[in-house]
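Visitor:
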Amino acid sequence: MSDGYEVSFSDLAKASAEFSRQGDAYANLMTQKLACPSGGDAAFDKALDVTLNGLYEMHVVLAQAVSAHAYKLDYARRNYQKTEGNVFDYLVRQTPTPTY
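Under UniProt numbering, the first residue of the sequence shown is numbered 1, with each subsequent residue one higher.
What follows is the structure, given as structure tokens:
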């Protein structure tokens, strides 16, 4: 074992799937902009509308970020797996047969 870190392909796949599920679940919590109730004052109503729209936009961005991390985890898993296979193939092809 090295002093670095270990990569478990199945753990990366599980984490990616979970991030994807949670990103979808979070996105589905708020599927449309919130209706702005009237506060009785035009300036207050405008401020409330801007605030609610901002909250909705932040919600959408956060849901997208969680889903993007799901993709990044799967991308890392695929790259680690491919690289491990390439290193193994290289060693098998390049390692000379020992001669004694």
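All C-beta atoms in this analysis are idealised placements derived from N, C-alpha and C, irrespective of residue type, glycine included.
Would you report the Cα separation of N86 and P37, rounded to the nearest angstrom?
Guide: Residue numbering aside, residue 86 sits at position 86 when the sequence shown is read from its first letter. Residue numbering aside, residue 37 sits at position 37 when the sequence shown is read from its first letter. So the alpha carbons of these two residues sit roughly 60 Å apart.
Visitor: If you compare alpha carbons, which of D49, K33, H59, Q32 is closest to G40?
Guide: For the purposes of this step, residue 40 is taken as residue 40 along the sequence shown, with counting starting at 1. Nearest of D49, K33, H59, Q32 to G40, Cα basis: D49.
Visitor: Go ahead and label R93 buried or exposed: buried means 16 or more other beta carbons lie within 10 angstroms of its beta carbon, across all protein chains shown.
Guide: Looking up residue 93 in the sequence shown gives position 93. By the neighbour-count rule (16 or more Cβ atoms within 10 Å), R93 is not buried but exposed.
Visitor: Taking buried to mean at least 16 other C-beta atoms within 10 Å of its own C-beta, is F9 buried or exposed?
Guide: Your numbering for residue 9 matches position 9 in the sequence shown. The residue is exposed, with fewer than 16 neighbouring Cβ atoms inside 10 Å.
Visitor: For the alpha helix (DSSP H) that contains D24, what are its first and last residues?
Guide: Numbered from its first residue, the sequence shown carries residue 24 at position 24. Start and end: 9-27.
Visitor: Apply the 10 Å Cβ neighbour rule to V66 and answer buried if 16 or more other Cβ atoms are within range, or exposed otherwise.
Guide: Residue 66 sits at position 66 when you count from the first residue of the sequence shown. By the neighbour-count rule (16 or more Cβ atoms within 10 Å), V66 is buried.
Visitor: Take the Cβ of M1 as the centre, count every other Cβ of all protein chains shown within 10 Å, and call the residue buried at 16 or more, exposed below.
Guide: The residue labelled residue 1 in the question sits at position 1 within the sequence shown. Note on M1: pLDDT 48, under 50, position unreliable in the model; no value is reported.
Visitor: CA-CA distance, L73 and Y100?
Guide: Taking the sequence shown and counting its residues from 1, one reaches residue 73 at position 73. Taking the sequence shown and counting its residues from 1, one reaches residue 100 at position 100. Cα to Cα, the separation comes out at about 46 Å.
Visitor: Of the choices Q64, L34, R77, whose alpha-carbon is the least far from that of D11?
Guide: Numbered from its first residue, the sequence shown carries residue 11 at position 11. The option with the nearest alpha carbon to D11 is R77.
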